[in-house]
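Protein sequence lines correspond, in order, to chains A and B. Residue 0 is where the first sequence starts when you use numbering that gives the first Met the number 0, and the numbers rise one by one after that. Residue 0 is where the second sequence starts when you use numbering that gives the first Met the number 0, and the numbers rise one by one after that. Report on one structure; see the data block that follows.
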Amino acid sequence: MTLPRAYEDQLVERAKSDADAFGELYDHYFGQIYRFVFSRLRDQDAAEDVTSEVFFKALRAIGRYKPSGHPFSAWLYQISVNAINDHYRSRKPTSSLDTAIAVADPARPVDDRVVDSAEAARIWEAIDDLPAQQRAAMTLKLGEDLKLAQIGEIMGKSEGAVKLLIHRGMIGVRVRLGVVATVEEKG
Amino acid sequence: MSWLGGWFDPELEELFRDEPELLQTAQRVRASRPDAAEADPRFRNRLRGQLLAEASRGHSRRGVRRWWRLGPAPIAWGGAAVGVVLIGATVLTFISNHPTDQTIVAISPISAQHAVSPNNVITVAFNQPMDKQAVESAVVIQPATKVSFSWNGNNLVISPVYHLTGNTPYTVTIGSKQHPIRSTSGVSATKPIAISFGTAPTPAAGPQSVTPTLVPSAAGENGVGGSLLFAPDGSVVSTAGLLPAASALATPTATATATPHGRSTPSPIPTPTPEGVQEPSVNGSLVAFPAGSPPVVLGPAATAVAYSPNGRAIGMAVDDGNGGSDIKVALTDGSQPSTLADSATPVTDLTWSSNDRLVYTDGSTIDAVDLSRRMSSLYSVADGGTITALDPGGAYAYIAPSSNTGGDLLNIAAGSDQVLQGAVTDVAFSGDGSTVAWVDESGSQSRLVVEAVGQNAPATVSTVDPAATVSDVTLDQDGGEAAYLSAGTSTAAQLVVAQLPSGAPLAIGTPANASGLALSPAGDQVAYVANEQTGAEVDRATVPGAGSARTASQLPAAANSALHAFVEAQVRDDITTLTELSGPGVDATSNTPPNLSRAYVISTYLGMQGAVSANIELIVDPDAAHAAARVAGEALTLSRQDGGAYLVTALDAQPLRDESSGPHVVEVRSSTDDGVTTLQVSFDSDLDPLTVAGAITVVDASGTTLQSNAVYDADSRTATVTIAKASAGVLTIEISTALGDVNGQTLAHAFTTRVGIGAQ
């Protein structure tokens, strides 16, 4: 759920000097950011480390934050993407996707679970293997359902550049999934 | 437009308009994304604490920090654990008027949590030595709670004198203009510390200890895998009991009795004596253990036994010597046995559908035979699964799946089925066949679930230890009580008898390695096999308070179950269940306030034509955006439908409002015994005992004020009102604003509710 923009802007402004206000921002966005980070790392310890990193970075940088017309969450995602990339640079995730699937919400519609865990693992391993920019764009689009404009804001790129990253990422996934010929003929 | 699992992204549709294979890949990626994982709440709270602590120091004055990491074991905040290091929690305030940076920081581990154990203490950690007297005198708890204070360094431990009330929102405020708090160095707070949390919905009734009263002989043994049940005369019957050879040889006849262990006159003993249990010298038999008299062998060992509805006959399945079972009937004393049918396969369960017809199963088929030996085939499992339980009355059966989830509750006559929720084990039916209970093991913790048979509205039953594994579930006659075993990882298994569907425990015991539980039809006795090193004894224990507790609801079990399932669905915003339990014209979804945290069923009564009225309090816990708990009163009417199920046919929910200060009624129960009606009114606050009796009035249906006597029990926060000669029907209980709590606050508004009492 998104906070009303005017209220959020006011809250962010207050958070620069009022810890209570920062706490309210944290309360609102923690779940969203943690889920995003966990979906990328699929390891609880790593997700907790990176989520901590994201919010401490946000706390330390909030004084310099200027509303840009995008939700505050876009800024948090931006920090998250960078922190995740830093994490990937330092080490590859060690847990399997099976772990993540095992904690899947049983309330999720059955249709959403039609892809079995083996294929799911294969697909997201393919995404993990993409170049960092493509991986980030793909994850924000297909993992978080963000708009292209929001992704652009998060990644500091134009909407067109994001489209290109996703297009290339999609081809890259198909290559890694073994449907090279079809894809490369198109590409 | 393309869809997969209901997903449609116009931006990707546009991007890949000319490349359908890429769009298809996008859909595969989207469909296979990992489901959202929820963070460990301890991590969430402690990170919050760290962040706000840093914020209070001026946003990043510190450099590199070491991130907090959860240890392998949860941190205990028990009353004795005052030495626990407060390594992080929710920072509550950072207030100071001191010119230097000596800000007061307070942290509590339970702040913003919604399921704090009622047995918890409230711990507040300060970052510097505080003026203890000033802090203690500034503590205000709502609902009013008598507490004691202790300190461990800079950590204040607030211990409730009794306990916290279950299923209740709490606010703890420390500091005010009248009672400012300050550190020993002179830093004083400029605004109060406010801690908000909610307690877990554990049963309100405190557990009572079972003092087992053993069957006098203590000689029954289920060494060959038998089970227990209660006979109509109150005897405990073992389907494979063992007796010494001398007595067993004299049976089965109506008059033959066993003389266990060579005693001529067995006498009750409080605990089993190892010497009293002998190695079995004969094979097991169907044995009745009457209370206070010697055991009686009723027949050969049976794989399944059931008493006829009129209590005159016993039906049993016994080994036919050829790998199958004989279906036999006999009088209840075991005499006049007669074989009705021979099953080629072993019969695993058996019940009576009427006084002259038995229904039985071998796990794959369900058949019936009547006393004239006419047989009929009722059902065959066609696509895997095993029939593991028959509903008494033979209307329903449970078919366990071949793997994990998806077990079916089969309506035998209709051939229709309904999936029981979760990974189902330990399915048990009430004696009247109206209620089914099971253990769902699909989650990380097992949970006890109950619902009215045929009504797809499961309700989770609170168990005494949510982390323990529940097993061996059994129900009484009308589904008002359950007995189960609760096995923790490091503690001995507990035998629990609890009310349904609330889960309020009536009795708890810790017999050695108990198994094979059985509840008496009235729920006032529990039998079990105690597996001692010296042998397995059939034991019987009384259930303290079962009689009065059972009359508390006086509602049909199906109504009680539907009511709790409905309210539970309101709290968790379960639209499907709300719709299923709502009658025509009832829009529960729109009329339920959003974001509920919890609810009380305050009172119920059975009205005309069997309609049930209930008064509910719906509650939203306080949070960062709203410092006070919000409540909404709700009145429900449930009406019986064709087939016995109950639906909510009227709903009147008031808008949410801030909860008033002062005490609140959380439950009103009634019971009648020997002409004396007892009303028990439970509160969320510690009351001033002197205000209780004078504030409570009871009025009968004609408007006459009844003479009553009220006694307040501080431990349970309950006023017990006794009325000598109340007529059966509806009573109105009125509580005036003279009722006060220990903080001197009075009931904000006069409270009135109606309760039904029976004609006993």
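Built from N, CA and C at the ideal position, the CB exists for glycine as well.
Between which two residues does the beta strand (DSSP E) holding residue i run?
i, result
"alanine 38 (chain B)", "Note, alanine 38 (chain B): premise wrong, no beta strand (DSSP E); not H, not E."
"asparagine 154 (chain B)", "154 to 159"
"proline 299 (chain B)", "295 to 299"
"glutamate 366 (chain B)", "A small fix is needed here, since residue 366 (chain B) is aspartate in this sequence, not glutamate. 364 to 369 is the extent of the beta strand (DSSP E) around aspartate 366 (chain B)."
"proline 520 (chain B)", "That residue, proline 520 (chain B), is in no beta strand (DSSP E); it is neither H nor E in DSSP."
"phenylalanine 682 (chain B)", "675 to 682"
"alanine 482 (chain B)", "480 to 486"
"proline 504 (chain B)", "504 to 508"
Can you pull the chain A residues whose beta carbon is under 7 Å from the beta carbon of residue i, in chain order?
i, result
"serine 769 (chain B)", "For chain B, the structure presents residues 0 to 759; residue 769 (chain B) sits outside this window and is missing."
"alanine 713 (chain B)", "Going along chain A, no residue has its Cβ under 7 Å from alanine 713 (chain B), so there is no contact; the nearest lies around 37 Å."
"serine 31 (chain B)", "Val114, Glu118, Ala119, Ile122 and Trp123"
"arginine 43 (chain B)", "Phe29"
Out of the options, point me to the one whose CA is closest to residue i's CA.
i, options, result
"alanine 312 (chain B)", "B:Ala700, B:Leu738 and B:Asp232", "B:Asp232"
"glutamine 31 (chain A)", "B:Ala38, B:Ala25 and B:Val286", "B:Ala38"
"serine 707 (chain B)", "B:Ser187, B:Glu135, B:Val426 and B:Leu730", "B:Leu730"
"asparagine 354 (chain B)", "B:Ala305, B:Ala105, B:Asp464 and B:Thr347", "B:Ala305"
"valine 28 (chain B)", "A:Gln77, A:Phe37 and A:Met169", "A:Met169"
"proline 117 (chain B)", "B:Pro142, B:Val104 and B:Val138", "B:Pro142"
"threonine 331 (chain B)", "B:Val235, B:Arg16 and B:Val368", "B:Val235"
"valine 698 (chain B)", "B:Glu733, B:Gly478 and B:Arg668", "B:Glu733"
"proline 191 (chain B)", "B:Ala652, B:Ser184 and B:Val171", "B:Val171"
"glycine 755 (chain B)", "B:Leu474, B:Leu705 and B:Val611", "B:Val611"
"serine 602 (chain B)", "B:Gln49, B:Ser670, B:Leu484 and B:Ser337", "B:Ser670"
"tryptophan 351 (chain B)", "B:Thr338, B:Val160, B:Pro592 and B:Asp431", "B:Asp431"
"alanine 300 (chain B)", "B:Pro289, B:Ser307, B:Ser292 and B:Lys327", "B:Lys327"
"alanine 763 (chain B)", "B:Gly522, B:Ser701, B:Pro108 and B:Ile722", "Residue 763 (chain B) lies beyond the range of chain B shown here (0 to 759); nothing can be said about it."
"aspartate 26 (chain A)", "A:Leu40, A:Val11 and A:Phe37", "A:Val11"
"glycine 314 (chain B)", "B:Gly322, B:Gly320, B:Gly298 and B:Asn321", "B:Gly298"
"aspartate 641 (chain B)", "B:Asp651, B:Gly582, B:Phe7 and B:Arg181", "B:Gly582"
"aspartate 714 (chain B)", "B:Thr24, B:Ala111, B:Ala624 and B:Thr164", "B:Thr164"
"phenylalanine 35 (chain A)", "A:Leu141, A:Ala60 and A:Ala20", "A:Leu141"
"arginine 63 (chain A)", "A:Tyr87, A:Phe29, A:Ala14 and A:Arg4", "A:Ala14"
"arginine 126 (chain A)", "A:Ala5, A:Ser16, A:Ser38 and A:Asp48", "A quick correction: the sequence has isoleucine, not arginine, at residue 126 (chain A). Isoleucine 126 (chain A) has its Cα closest to that of A:Ser38, out of A:Ala5, A:Ser16, A:Ser38 and A:Asp48."
"leucine 46 (chain B)", "B:Glu12, B:Pro108, B:Ala492 and B:Ile103", "B:Pro108"
"arginine 764 (chain B)", "B:Gln608, B:Arg668, B:Ala25 and B:Leu617", "Residue 764 (chain B) falls outside the range modelled here, since chain B spans only 0 to 759, and no answer is possible."
"valine 139 (chain B)", "B:Ala396, B:Ile157 and B:Tyr599", "B:Ile157"
List the residues of chain B whose Cβ lies closer than 8 Å to the Cβ of residue i, in chain order.
i, result
"arginine 173 (chain A)", "Glu20, Leu21 and Thr24"
"isoleucine 126 (chain A)", "Val28"
Would you mind telling me which residues of chain B sit closer than 7 Å to residue i, beta carbon to beta carbon, in chain order?
i, result
"phenylalanine 54 (chain A)", "Leu46 and Leu50"
"methionine 169 (chain A)", "Leu21, Thr24 and Ala25"
"leucine 147 (chain A)", "Glu10"
"aspartate 26 (chain A)", "Ala623"
"glycine 142 (chain A)", "Arg32"
"lysine 162 (chain A)", "Leu14"
Could you work out which residues of chain A lie near residue i, taking near to mean beta carbons separated by less than 8 Å?
i, result
"alanine 114 (chain B)", "Simply none; closest approach about 17 Å."
"alanine 412 (chain B)", "Within 8 Å Cβ-Cβ: nothing; alanine 412 (chain B) doesn't reach chain A, min ~30 Å."
Tell me which residue opens and which closes the alpha helix (DSSP H) that residue i is part of.
i, result
"methionine 154 (chain A)", "147 to 154"
"leucine 689 (chain B)", "Run containing leucine 689 (chain B): none; DSSP gives neither H nor E here."
"tyrosine 6 (chain A)", "4 to 14"
"threonine 575 (chain B)", "574 to 579"
"phenylalanine 37 (chain A)", "18 to 40"
"threonine 24 (chain B)", "19 to 30"
"methionine 169 (chain A)", "158 to 176"
"threonine 50 (chain A)", "43 to 60"
Run through chain B and tell me which residues come within less than 9 Å of residue i, C-beta to C-beta.
i, result
"histidine 166 (chain A)", "Leu14, Phe15, Glu18 and Leu21"
"alanine 135 (chain A)", "Per Cβ cutoff of 9 Å: no residues; alanine 135 (chain A) is ~14 Å from chain B at best."
Please list the partners that residue i has in chain A, where partner means a Cβ-to-Cβ separation under 9 Å.
i, result
"alanine 38 (chain B)", "Phe29, Gly30, Tyr33, Arg34, Phe37, Gln43, Ala46, Glu47 and Thr50"
Measuring CB atoms only, is the region 693 to 705 of chain B touching the region 175 to 182 of chain B, in the sense that at least three cross pairs come out at less than 8 Å? no
With a cut-off of 8 Å, do at least 3 Cβ pairs link the region 649 to 656 of chain B to the region 624 to 640 of chain B? Yes, they touch.
Any chance the region 709 to 728 of chain B sits against the region 671 to 691 of chain B, with 3 or more Cβ pairs inside 8 Å? With the rule of 3 Cβ pairs closer than 8 Å, the region 709 to 728 of chain B counts as touching the region 671 to 691 of chain B.
The region 463 to 483 of chain B / the region 566 to 578 of chain B touching (three or more Cβ pairs under 8 Å): no
Where in the region 386 to 451 of chain B do unbroken runs of the beta strand (DSSP E), each at least 3 residues long, occur, reported from the N-terminal end onward? 395 to 399, 407 to 410, 415 to 418, 423 to 428, 434 to 439 and 446 to 451
So, does the region 419 to 426 of chain B touch the region 434 to 449 of chain B, judging by three or more C-beta pairs under 8 Å? Counting Cβ pairs under 8 Å, three or more are found: they touch.
Are the region 124 to 144 of chain A and the region 171 to 178 of chain A touching by the rule of at least three beta carbon pairs closer than 8 Å? yes
Can you find at least 3 beta carbon pairs, one from the region 514 to 533 of chain B and one from the region 457 to 466 of chain B, that sit closer than 8 Å? no
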